[in-house]
Every structure is written in structure tokens, then in C-alpha cells.
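Data first, discussion second: the structure below is written as C-alpha cells.
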């Protein structure tokens with residue numbers, strides 16, 4: 001461990017196990033209304049579609065953070081996969 005890290009923990013400036021997150025604006029904020037409207041029309045919309053459509057409208061983030069933000073904000077009530085249950089896939 002680096003001595004500055006240990007010192008910041010001892011001084012109470014940082015908490016072990018918690019990463020500092022920048023206070024950057026949420027890039028998905030401008031598209032929340034669109035995503036909610038899209039999901040109210042069809043709640044089985046695939047995540048890739050929920051990513052591609054706002055991207056065409058100017059959303060600039062990549063797919064993984066966009067999915068995390070949709071899930072974290074509870075914009076999708078459920079997570080449909082479109083796949084059969086795992087037991088059915090194994091045969």
C-alpha cells in the first residue's frame with residue numbers, strides 16, 4: 001500500500017472499500033423521458049435497442065455504462081432476456 005493512501009484513511013479523508021466518484025453530470029439525464037416512454041410502449045425492448053436509439057439522438061456513452069444507469073435508476077421494471085430459462089437451454 002502506498003503511504004499516501006494509508007495516511008488518507010487515517011485522516012478520515014477516504015473510507016476503505018469506497019471509491020471516490022466525480023460529481024459529473026449524468027449523461028443519461030436528457031434521455032430519461034425518452035427511455036421511460038419507450039418502455040411504456042413496449043416493456044420488452046432489448047437493452048441494445050434502448051442504447052442505439054438514444055445514441056442516434058446524441059447520447060455519447062458506451063453500452064455498459066448506459067445499461068448500468070438504466071438499471072440503477074429503475075427505468076426498467078423488469079429485465080426480460082428473451083431467452084428460455086437456463087434449465088431449458090441445457091437440454
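In this note's numbering, the protein residues as written are 1 to 91.
Beta carbons: idealized from backbone N, C-alpha and C, even for Gly.
Tell me the residue span of the alpha helix (DSSP H) that contains residue 92. This structure leaves residue 92 out entirely; the chain is present only between 1 and 91.
Rounding to the nearest angstrom, what Cα-Cα distance links residue 13 and residue 38 in this structure? Mapped onto the chain shown, residue 13 falls at position 13. Mapped onto the chain shown, residue 38 falls at position 38. Cα to Cα, the separation comes out at about 42 Å.
As assigned by DSSP and simplified to three states, the class of residue 72: Taking the first residue of the chain shown as 1, we reach residue 72 at position 72. Looking at residue 72 - three-state DSSP - the assignment turns out to be helix.
Evaluate residue 35 with the Cβ neighbour count: other Cβ atoms within 10 Å of its Cβ, from every protein chain shown; 16 or more gives buried, anything less gives exposed. Within the chain shown, numbered from 1, the residue matching residue 35 stands at position 35. Its Cβ being crowded by 16 or more others within 10 Å, residue 35 is buried.
Residue 80: buried (16+ other C-beta within 10 angstroms of its C-beta) or exposed? Taking the chain shown and counting its residues from 1, one reaches residue 80 at position 80. Summary for residue 80: the model assigns pLDDT 48, below 50, so the residue's position carries little reliability; its value from the coordinates is reported in the next sentence. That one is exposed.
Assign residue 68 to buried or exposed, taking buried as 16 or more other Cβ atoms, counted over all protein chains shown, within 10 Å of its Cβ. Locating residue 68 in the chain shown gives position 68, counting from the first residue. Classification of residue 68: exposed, given that the 10 Å Cβ count is below 16.
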